[in-house]
Structure formats: structure tokens, C-alpha cells
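Line by line, the protein sequences are chains A and B.
Residues 1108 to 1606 in our numbering are what the first sequence spells out, letter by letter.
Residues -8 to 265 in our numbering are what the second sequence spells out, letter by letter.
Data first, discussion second: the structure below is written as C-alpha cells.
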Amino acid sequence: MKKVFKAFFEKFRREKAERPLSETANTQPSVEIHPLKKSERIIEVQGLTKVFDGVTVIDNMNLAIKKGEFVTLLGPSGCGKTTLLRIIAGFETPTEGQVFLENVNVTDVPPYRRPVNTVFQRYALFPHLNVFKNIAYGLKIKKIDKKVIAEKVNAALKMVDLEGYGHRDVSSLSGGQQQRVAIARALVCEPKVLLLDEPLGALDLKMRKDMQEELMAMHKRLGITFLYVTHDQEEALTMSDTVVVINDGVIQQIGTPKKIYDEPANAFVADFIGESNIISGVMLKDFCVRFLGQDFECVDKGFAKNEKVDLVIRPEDIKVYPEGDEKGQLVGKVLSSIFKGTFYQMEILANEYQFTVQSTKESKEGDTVSIGVKPDGIHIMKKLRSTNTFYGKVTGEDTVEFCGTEFTFNNVDGIEAGTDVEISVDFDAVSLNDDETDGDLGGNVSQTLYKGKYYQVQVYTDTDEDFFTDTVDDWDINDRIGIKIDHSKIVVKRLENEE
Amino acid sequence: MKSKKKLRLSKGTMAFPYFAVSVLFVIVPLVLILVYAFTDASGNFTFENFARLGAASSWKSIIRSFLIAFFTTVICLLLSYPTALALTKIKASKRMIILMIFIMPMWINSLLRIYAVQLFYADTLGMEKGFVLTLIGMVYDFFPFMLLPIYTILADMDKMVLEASADLGAKPAETFFKVRLPLSMPGIVSGALMVFMPAMSSFAVSDILGYDGGSATFLDGKLFGNVIYYYFERGNYNSGSALALLLLVLILFSTFLSNVLTKGKTARKGGTIA
């Protein structure tokens, strides 16, 4: 089941470019900006929003980047990371918000006057110029002395290991060589920040690995700030000092690669970074969490008593013991076991949850085993949401309109018609139907997330709203379905007056 | 293997109608022109027909034809490039409609279009027939042939390359002259050839819109195409063929020249006519 979900999720990631969605649509980012001194901030965006044709690609984003760091913007395609980079480079104007370079507001400065240079996804070399002239382009524009240009270009060629290629036609170079020319062309201008937009996306695996190392070495040697965009989580974890995980135009987490991996801020980050088992649970008290019907010791605290939480367990943190071993906490059955070179990847069903487990010891398919997790192998995350919130209007004595549909509700507060209101609908008040006409309104399934025993499903309505609900069934992405709401569970509140 | 052989045979068979048509209407007339050019009225081999080329009137008509073709090309280019550039900036949905408006005249017979020019400029506005009106007619006639290749190359141009130029510090004007214009050369060359060559050999436009009375200035005189037409009309196929052959050589030479001039400077993208 989990495999199926993964496949859907992959598909969803690919198709997402059309409209960004996620389970975190309306939540505030859980940002942990390390307090940067003003002089340390090389790039900063404040309240940044970008809307393309009515679709919000970047949603009120705040971010500060430290001078000299290798920072990666990581997220699925369509999450807004490339748009953010293009706004920093100056190719797009933000709908709202400001961009600062070295604490100078550059929001309205055209790209040719910004002290940054970009390495483009598909190289974007000038096809009518040879390698030397491509690299010299930026220096020539600056009207630098010809001799100096020749010196700098030759030094740049040497740096990217392309000495003697100056006279070559760019189309005669391999993909890797073209990418190196693109990097040299940007670096020769000595930018304050080098922006890289998925620069290794078009290269084959081996070339990627080589270029990753070269880029890291270059960053170390030059001391320039690198801002790197990628959707490849492995690349991000390998190369960066700081990773910024973005989804749906909202920053999900900022941190070192280790922190992002070990302590994902929410279910999205946990799922996006590496393989993980994401389970819903209840925090009974500090250092004690209950999930899959059992109590577990953990290392997290500070949650409310009985607060619903998401928790993540990495596949390598699950220990497999023989049947009956006392060290195990759950009894499971091995569904599959695949040898992956240095470990066995197993799917183990325990208490109705299918765990993905990586272990150096093999267990055979069909074996009954005992599995256990050490307290520090369980990472607790705040649940992002358990209610849907909408804005609408009361239309009558006991009717309210939201998402383009009228609903009856229990008007206990006696809210008069015409009042703008906030409507909350709990996840469990929402049910999904195969037939659109069986629901109160129609929508398309845009994401499903396996949470153990149930799926969290996100449905995108025709009125550009997102509905979330937990169901036991898995739904196909893009399926047209009906959303049914239990009218007695609709909670309507007056909007606070802003005057 | 067997099926492959069969396929090839059928492909060859399919090409036969085209082959037959081109033999009948291209190869045979070319051979006839060649034969007529080197024979006299009674069918004997001679270079006599080419002697007429030395006459001042022939040279003058060649120069006139060249000048009018040159001006037509330059004006078409100056009109087309900004138009094509503006077209690429319009929203894709509206773009096709506007492009259609420019292309639609191509669907109407060119003779009709030329008569329309006569009707409007000469008969209604009272403009004198001559060099200027001929030029207007030519520009009107050939404009789409310049617009289309330039539009195609501008629309297909990788925007990233233009952004890269801005990223490296080039102001919009610098980006235009250093990147956009060089990269649109194939479209410009192809458009220029498609306008220059038919304009050079044109005779219908100048026949209808050219000067039609008494003495005239140098520019108002007959074009090369009209001279050839003049000979054919009077049954002098030998002299007409000789001049036609010369025109053919001149056009081939100019095509060759433009290919040499732009070689190595053009991107692989975009069509050339040859």
C-alpha cells in the first residue's frame, strides 16, 4: 500500500507544476531562522509573495541567507523554489514583499544591475559565441581591458578544467563540459552570490556526482555564497551547509542537512527527505507517546497532554529481532525483503501498519519477527492541522455559504445574514464519495499521505480551496470525487472586526 | 529484411508523380531556356544573344531591378523585425489571430493584390505610377515572406539565453545587439532571400504599377523582368532566354554569397531557404 502511495506521490510531484498544493497550505511556516546579524545577511527576502495567473506560487515568505554559506532550496517541482531564485536574480518581480542584497533593497533593480550571477538549468550558453567569448561576455560588458579579460577567462577555464577549450564551439561540448562553461561564465564576473538553478539536472548520475564534488570544492575555495536549487534531496543533503525545504510556496524547515534529516519539522519534510515511516500518535505525557495501540518511550517533550502528533521513524532506526525476543516492542510479519547491497530493505506489517525497515540482518519473507525502536529513533512532530478553515458568509437564518456552496448549520450564536464568517470543519466531519453528485461539492484528489491505518487525503475544489480529511481508503490522484460534509459539525464564527 | 526492401520500393514509387511533374515543368523548361539561349532564330548555335546584354538598356534594367529588390528587402526587414518582436510578446491566445491578419493576404492571388494597390493608391489617391508605387506594391506583396521566418526564429529563441545576457550585466540594448540580433540572423537571411529573389525577377508588379508613359527618370524605367517579358511577348525566345539565364545566374550567385556571409555566424535553429 505504501508503495502505491509513493508512486502516486511521485506522480503528483511531477504534475504539480500546474498548481501548488500541500497539506500545509494555510499554515504558518515553522521557520527556525538562525539569528543572523545584519552584516552576515547576504540575501534576505521579506513578506515575499508571487502570484502567477491567480495561483500563489510563493506565499508570504521570509528568509535570510548567511554570507559565504552553501544554501540549498529543496522541494518538489512547482513548490516555488525556482521562482524564488528568479526573483532574487531579478527575472521576476514579486507581487508583494522585498528582496535585499547585502541589506540594500533591490526589489526594483533590474537583473543587469544586481551583483549576482546565475547558472541556468539548461546552461543557456550563447550558441553564436565560442567557449572563450561565452565566458568573456560579462567582462566585456563591463568594458574591462582586453588583456585582463584574457587573463581572467583563462584562469576561469583552468578552474573548471577546460584549458585549451577556449576556441571550441559550445555545441561541440558534452553536457558536463557545457555546464562547466556556464559555471565559469558566471564565476568570472566575481558575483557576491552565485545562483544555481538545478544545474546538474541534465547530467547522468556519474557526471552529477563528479560535478557535486567540484562545486563543493569551488565553494570552499572561493568563499562566495552559493544559492542552489534542487528537487534532489540527496544532492541537497550532501552539498549544503543549510537546507531550506519549501513546499507549496511556504518554507517548511530551515536547518543543517543533519537536523533536517534527524528532526524533520513536519510530516512533509519527513516524507520528502529520505525514506520514512510516518505514523499518527498521541502524546500521553513528556517522553511518552502512544501509537499503533502501544506506548513508547521517546525523547521529545513540551507537547500538550494527549496532543495528537505525527511521528517519524527512519527505516534504519527500526531493529529487527527473532520472534519472541523481549527487546522487541511489536510483533510483525515480513511481507518482502530485498537485498540492496549493504542492507536488506524489508516491508514489515505490524499492528496494521506497514513499516519500511532497513537492516543488515536478513529476515525471510513470511517470517514472524519482533521489531523495536529506541527512544531516540522516534521523532515527534506537531500535527499541521486537523481542521479545515474557510471564509464565507451567512446567507440566512441557518445557512452559510463557503466554497461556492450553501450549507445549513446550527446557528447557536444567532449570527445575522450577511455577516462575514470563519468556518471550521473537522477532518472527521468530511467524507469522500466516488460519485460527485453524492457530495455537497466536487473536487479533485490532489495528494494522499499514508499515515498508518489511514490516509490523509487532500482534495482541491473548483473554488480554489483545499479540503483535508482522513480516510481508510486510498484515492487516486486527480480523481473527480464528491465531498460530503456532516452539516451538524460545521462550526461558524464571526470574523473578528479589524477596526 | 524482406519487408524493409518492399517498403523502400513503395517509397520510390510514391515519389514518381513528383518526379514526373518536375521533369515536365522544371527540367524541360530549363533545358529549353539553355537551348534557346545558345541558338539563333533558325536553330544554329550562336553566342549572338548574349551580345545584347552588353547594351546599355540591359544593364540599366538590371541595376534598376537590383535597386528595387534591395529597397524592398530593406524596407520589409525594417517593418518585419519590430512587428515580429511585438508579436512574440503578445499572449499566445491572441497571437495567432494577429499573425493571421498579417498572413491572410498571402492566401489571395498576388495579381489581385497588385490591382488592389493600383486601385487604392493610383486610382483613388491619385498617385503617379512609377518607381515609388512599384516599391509600395512590392513591399506589400512580399512583407509576409519576411515576417514569417523572422517571427519563427524570434518565437523559438531560448529566453534563458536572453536572461543569461541580462544576468551577466548587459543592458537591454546590449542584449539586443549582442545576443538577440545575431541569433536571429538565420531568420533574417532566409527572409531576405525570400523577398530579394522574387523582387529581383518580378515583372507583374512593375508591369501594373510601373511608369506607363513617355519619358521618365532613370528609376522609373523598365525592370529586368519586364525586358525579358518584352522579348518573349514578341516571339524572340532566343534573346529572352539569354536574359533569363543571366538572371538565374545572378540569383544563384546572390544566394551563394549570402550563405557564405552568414556561415558559422548563425545558430542551428531556424530555417534557411536553400
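Just so it is clear, CB atoms sit at the ideal spot from N, CA and C, and this is done for glycine as well.
Tell me, please, whether the region 150 to 162 of chain B touches the region 85 to 96 of chain B by the rule of three or more beta-carbon pairs shorter than 8 angstroms.
no
Own chain partners of B:Ser230 with C-beta closer than 8 angstroms, once the 5 adjacent residues on each side are dropped:
Asn40, Arg43, Tyr222
Per DSSP, what kind of secondary structure is A:Gln1284 in: helix, strand or coil?
helix
Is it right to say A:Asn1517 is buried, meaning 16 or more other beta carbons lie within 10 angstroms of its own, or is it exposed?
exposed
Should A:Leu1208 be counted as a contact of the ligand ATP given a C-beta to heavy atom distance under 7 angstroms?
The ligand ATP is not part of the structure shown, which contains no ligands of any sort.
Using the three-state DSSP reduction, which class does A:Val1152 fall into: helix, strand or coil?
strand
Start-to-end residues for the alpha helix (DSSP H) that takes in A:Gln1611:
The shown model of chain A, from 1108 to 1606, leaves out residue 1611 of chain A, and the question about it has no answer.
Measure the CB-CB distance between A:Leu1298 and A:Ile1331 and report whether it falls below 8 angstroms.
Here residue 1298 of chain A turns out to be Pro, not Leu, going by the sequence shown. Yes, the Cβ-Cβ distance between A:Pro1298 and A:Ile1331 is below 8 angstroms.
In the DSSP output, what is A:Pro1429 paired with across the bridge?
A:Val1476
So if DSSP puts A:Tyr1244 in a beta bridge, which residue, or which two residues, is it bridged to?
Partner(s): none; A:Tyr1244 has no beta bridge.
Comparing C-alpha positions only, which one of B:Phe134, B:Ala107, B:Leu241, B:Asp149 sits nearest to A:Leu1232?
B:Asp149
Closer than 9 angstroms between beta carbons: that is the criterion. Which residues of the region 1328 to 1341 of chain A meet it against chain B?
none
At the 8 angstroms Cβ level, is A:Asn1237 part of the contact set with chain B, yes or no?
no
Tell me the DSSP secondary structure of B:Phe7 in three-state form.
helix
Establish whether the CB of B:Asp198 and some CB of chain A are separated by less than 8 angstroms.
no
Taking DSSP's pairing of strands, which residues face A:Phe1227 in a bridge?
A:Tyr1230
Thinking C-alpha only, which one of A:Glu1469, A:Ile1150, A:Glu1430 is nearest A:Thr1449?
A:Glu1469
A:Gly1484 to A:Val1564 span [Cα, whole Å]:
27 angstroms
What are the boundary residues of the beta strand (DSSP E) that includes A:Asn1261?
Premise fails: A:Asn1261 lies in the alpha helix (DSSP H), 1253 to 1266, not in any beta strand (DSSP E).
CA-CA distance, B:Phe168 and A:Thr1163?
36 angstroms
By the 8 angstroms beta-carbon criterion, what residues does the region 1271 to 1288 of chain A contribute toward chain B?
Ser1278
Would you identify the three-state DSSP class for A:Leu1602, choosing helix, strand or coil?
coil
At least one CB of chain A closer than 8 angstroms to the CB of B:Leu103: is that the case?
no
Distance, Cα to Cα, A:His1486 vs A:Asp1571?
33 angstroms
Taking beta-carbon pairs under 9 angstroms, can you tell me which members of the region 154 to 178 of chain B lie near chain A?
Glu154, Ala155, Ser156, Ala157, Asp158, Leu159, Gly160, Ala161, Lys162, Pro163, Glu165, Thr166, Lys169, Val170, Pro173, Leu174, Met176
Assuming A:Asn1551 contacts A:Asp1586 (C-beta within less than 8 angstroms), just tell me the rounded distance between them.
7 angstroms
What residue range is occupied by the uninterrupted beta strand (DSSP E) comprising A:Arg1397?
1395 to 1398
Output the boundary residues of the beta strand (DSSP E) element that contains A:Gly1453.
Residue 1453 of chain A is actually Met in this sequence, not Gly. Element bounds for A:Met1453: 1451 to 1457.
Just the chain A side, please: which residues come within less than 8 angstroms of B:Met151 by C-beta, in chain order?
Phe1227, Gln1228, Arg1229, Ala1231
Contact criterion: CB-CB distance below 8 angstroms. Does A:Asn1224 meet it with respect to chain B?
yes
Going straight from the alpha carbon of A:Thr1134 to that of A:Phe1534, what length do you get?
A caution first: A:Thr1134 carries a pLDDT of 34, below 50, which makes its placement in the model too unreliable to give a value.
CB A:Glu1203 to CB A:Gly1154, shorter than 8 angstroms?
yes
Neighbourhood of A:Asp1276 by C-beta, 7 angstroms cutoff - its chain only, sequence neighbours within 5 removed
Asn1237
What's the C-alpha gap between B:Arg225 and B:Asp31?
15 angstroms
Which whole-angstrom value describes the C-beta separation of B:Tyr131 and B:Val108, a residue pair presumed to lie in contact below a C-beta threshold of 8 angstroms?
6 angstroms
Helix, strand or coil: how does DSSP classify A:Gln1359 here?
strand
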